[in-house]
Amino acid sequence: MGWRSLGCNLRDLATPHPVELSDFNGQRVAVDAFLLAYQFITSLRTRGEGADGGPLTDSNGHPVSHLMGFLDRATVMIESGIDPVFVFDGRPHELKMETLASRKSRKDDAREKWDRAVADEDWTTAQKLGSQIVSYTREMVAETRAMLDLLGIVNIEAPMEAEGAAAVRCARGDVDAVSSQDWDTLLYGAPVMVRNLSSHGTRRFGRMVHAERIVLAELLEENGLTYEQLVDLGIMVGTDFHPGIKGIGPKTGLKLIREFGTIEEVCAAKDKEIPERLEEI
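In this text, residue positions in the sequence shown follow this note's numbering: the first is 465, and each later residue adds one.
Here it is as structure tokens:
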């Protein structure tokens, strides 16, 4: 998963085009499965009096939110004429370990608060915290992929980041678009990214959600950037693999990269340290 905020950084630079699911009729779309899974397990939870906000379970207490979500969304896509390819994360890169450790720390803190709320039978607080303590485990991934196999739906495991593998397939022409909420999809070079495809037509915070297409070539042209400069901008702002350069946000970063051309020149002009292991990032 990508930028420190998945929903706002590149949005300032992008021009999304509203689309309908029918616009992808007959097209093959790679879907970032992990982000999709977390949408399901954070939203399909127990609610109401006496509910602790945990995932929905079967009669044996086994979580099923992920299976319900994937079955529903896959059905909607197929009925709309979309040929989905679900891409799952592989092993994380070592550069991402700091980000993963930070996420685990936040989850552990939330778990302690959730445990106290459940012990106190404070169900309102427990339900609010429920979305912060869920995990998409390896067992759940295996269950999801087994279900997709039974349905005859293509699913693959990426070498590392799902959106990276999906972007490569899109650039090669193996798929027509990448469905993801993660702006890193464009940094990986996906020519076409679709946000909200899997949640199109649902409600979020009382508002109807609509799918939108972002075209990489348009974003670059509108902002006067090369693809390499967009990647430099992403590194300056911060990704899972680098926390970013202090004091540089998307708007400031865009101004600087336009003025100086590369991240190295920006760092030299502004007396900033060039990120370690820049080529790996």
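Where is the CB? At the ideal position from N, CA and C, for every residue including glycine.
Fair warning: this is a prediction, and the values are worked out from it, not measured in the lab.
When Cβ pairs closer than 8 angstroms are counted between the two stretches, the segment 625-637 is seen to touch the segment 534-554, the count reaching three or more. With fewer than three CB-CB distances shorter than 8 angstroms, the segment 530-537 does not count as touching the segment 678-692. Distance between P714 and V618, taken at the CA atoms: about 36 angstroms. Counting only unbroken stretches of 4 or more residues, the alpha helix (DSSP H) elements lying wholly within the segment 622-673 are 626-636, 648-651, in sequence order. Straight across, the Cα-Cα distance linking E692 with A641 is about 21 angstroms. According to the DSSP assignment, D547 belongs to no alpha helix (DSSP H) but to the beta strand (DSSP E) extending over 547-552. In this structure, A675 places its C-beta atom within 8 angstroms of the C-beta atom of L485. Looking at A478, I699, G533, E585, the one whose alpha-carbon comes closest to that of Q503 is G533. Taking each of V695, V679, C731 in turn and checking the Cα distance to A478, the smallest one comes out for V679. Proximity to G517 across D696, D573, V582, S643 peaks at V582, based on C-alpha coordinates. Here the segment 599-618 makes no contact with the segment 638-658; the two share fewer than three CB pairs at distances below 8 angstroms. With distances taken between CA atoms, A515 lies nearest to G594 out of G688, G594, S566. Shown here, I678 sits in a strand according to DSSP, grouped into three states. Between V605 and P519, the C-beta gap is not smaller than 8 angstroms, which leaves the two residues out of contact. Judged by DSSP secondary structure, R492 falls within the beta strand (DSSP E) whose first and last residues are 492-496.
S662 is not a Cβ neighbour of V528, given a cutoff of 8 angstroms. With contacts defined by Cβ atoms closer than 8 angstroms, R671 and V658 do not form a contacting pair. In this structure, Y652 sits near G628, with a CB-CB distance shorter than 8 angstroms. Going by beta carbons, Q591 and D547 fall outside the 8 angstroms limit. The beta carbon of M700 sits closer than 8 angstroms to the beta carbons of G708, I709, I712, G717, L720, I721, I727, V730 from its chain, once the five residues preceding and following it are set aside; these are given in chain order.
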